[in-house]
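Trainee: Supplied in structure tokens, the structure appears directly below.
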Amino acid sequence: MEELQQVKEQIKSFVVECNDKKSLELLDLLATGKMLRSKLILKIAGVNEESIKLCAVVEMIHAASLLHDDVIDESDTRRGKPSINALFDNKTSIMFGDILYSKAFTELSQMDKEVAYTVSNAVTLLSIGEMLDVDLTETFNDFYDKYLDMIYKKTASLIEASAKAAAIIAGLDKDKYALYGKNLGLAFQMIDDILDITQDSTTLGKPAMLDFVEGKVTIPYLLLHERVQDKVKLELLYKKPLSADESSWIKEQMISTNALQDSISQAKKLGQEAILAVENENNESLVQIMSAMIDREF
Ligand code: FPP
Ligand code: MG
31 MEELQQVKEQ IKSFVVECND KKSLELLDLL ATGKMLRSKL ILKIAGVNEE
81 SIKLCAVVEM IHAASLLHDD VIDESDTRRG KPSINALFDN KTSIMFGDIL
131 YSKAFTELSQ MDKEVAYTVS NAVTLLSIGE MLDVDLTETF NDFYDKYLDM
181 IYKKTASLIE ASAKAAAIIA GLDKDKYALY GKNLGLAFQM IDDILDITQD
231 STTLGKPAML DFVEGKVTIP YLLLHERVQD KVKLELLYKK PLSADESSWI
281 KEQMISTNAL QDSISQAKKL GQEAILAVEN ENNESLVQIM SAMIDREF
């Protein structure tokens, strides 16, 4: 996609403006992701200078949050490549995250006031979401509402803000696009949580079935916990490295109790709600973005 290349070049120009050789070297080491937020912005606002800059700002904030998240999660892989904290150290990952994050905010401060408010407010939410995520790994969380609130803040808030900000610059109905972005974001995180169980590590670009080991009780585990006969067995496996037999048991139970299937249905339902929010907007690509997001493999 030619326009995503333009976003990457804009990010590079912003980092060049920081006048720091090491930052540029670190930028080259970052693996490119799916750029979902940029795809969304460009489909809503079209390709122009303002929308490309908005994409770059959002991608830089997202990259910064992942640089910090990999330190918090002690993760040594990101998008199939060694993470910056693995290649260098935690300090480098945090500091480079700070540079991307603050440069993005410098650029944001030069944009439309409502766009700047929308995006910066989402960053507060995503930071709170990350803290909730960490807190929820303390003990087995069996509250669906807490999970939903956490994934809204951690993941959906920035996707919601991207869609809303794009609608603002394009002069479209911002509330409809915000609702589309919110539901798309919630579905996106649920699919992520499902792929952790259904995919292998090569496809994922990170270890598979790691969420439960790390203390994350995601939607398939929440449903499984409600339905599984041997609850004690499941609770005993929580936050423990899983043997091949234990992983298989979890997967089998998720299939036989329909926990996995119903999690997929829940993500699809949110995807449908996203589409419903913009059904009169005549933008077929928003349906495509949603379907591709649901059907993805990593
Ligand atoms: C990935 O989640 C993490 C996020 C989407 C948000 C992280 C947010 C912060 C660290 C707040 C700080 C923000 C800034 C801008 C500096 P995950 O761990 O579930 O997913 P993963 O498997 O991809 O790591
Ligand atoms: Mg993480």
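Quick note on numbering: the sequence shown equals residues 31 to 328 in our numbering.
Each residue gets a CB set at the ideal place from its N, CA and C atoms; glycine is no exception.
(1) Evaluate the contact criterion for the region 127–141 versus the region 87–98: three or more CB pairs, one atom per stretch, below 8 Å.
(2) Do residue 97 and residue 114 have their C-beta atoms within less than 8 Å of each other?
(3) Would you kindly report the start and end of the unbroken alpha helix (DSSP H) that includes residue 61?
(4) Listed in chain order, which residues are found with a beta carbon closer than 5 Å to a heavy atom of ligand 2?
(5) Please report how far the alpha carbon of residue 294 lies from the alpha carbon of residue 301, in whole angstroms.
(6) In terms of residue numbering, what span does the alpha helix (DSSP H) encompassing residue 169 cover?
(7) Are the Cβ atoms of residue 218 and residue 125 separated by less than 8 Å?
(8) Where residue 204 and residue 308 are concerned, what is the direct C-alpha to C-alpha distance, given to the nearest angstrom?
(9) Taking just the CA atoms, how far does residue 275 sit from residue 147?
(10) Out of 291, 259 and 261, point me to the one whose CA is closest to residue 249's CA.
(11) Should residue 160 be counted as a contact of ligand 1 given a C-beta to heavy atom distance under 7 Å?
(12) Does at least one heavy atom of ligand 1 sit under 7 Å from the Cβ of residue 156?
(13) Is residue 164 close to ligand 1? I mean its beta-carbon at under 7 Å from any heavy atom of the ligand.
(14) Kindly list the residues whose CB is nearer than 7 Å to the CB of residue 231, restricted to its own chain and excluding five residues on each side of it in sequence; keep chain order.
(15) Compute the distance between the beta-carbons of residue 243 and residue 272, then report whether it is under 8 Å.
(16) Less than 7 Å separating the Cβ of residue 189 from some heavy atom of ligand 1?
(17) Please classify residue 299 as buried or exposed, where buried requires at least 16 other C-beta atoms within 10 Å of its C-beta.
Mentor: Quick answer:
(1) yes
(2) yes
(3) Per DSSP, residue 61 belongs to no alpha helix (DSSP H) and is neither H nor E.
(4) Around ligand 2, the residues whose beta-carbon falls short of 5 Å from at least one of its heavy atoms are 99 and 103, given in chain order.
(5) 10 Å
(6) Element bounds for residue 169: n/a, residue is neither H nor E.
(7) no
(8) 10 Å
(9) 49 Å
(10) 291
(11) yes
(12) yes
(13) no
(14) Result list for residue 231: 237 and 238, in chain order.
(15) Going by C-beta atoms, residue 243 is nearer than 8 Å to residue 272.
(16) No, the beta carbon of residue 189 sits no closer than 7 Å to any heavy atom of ligand 1.
(17) exposed
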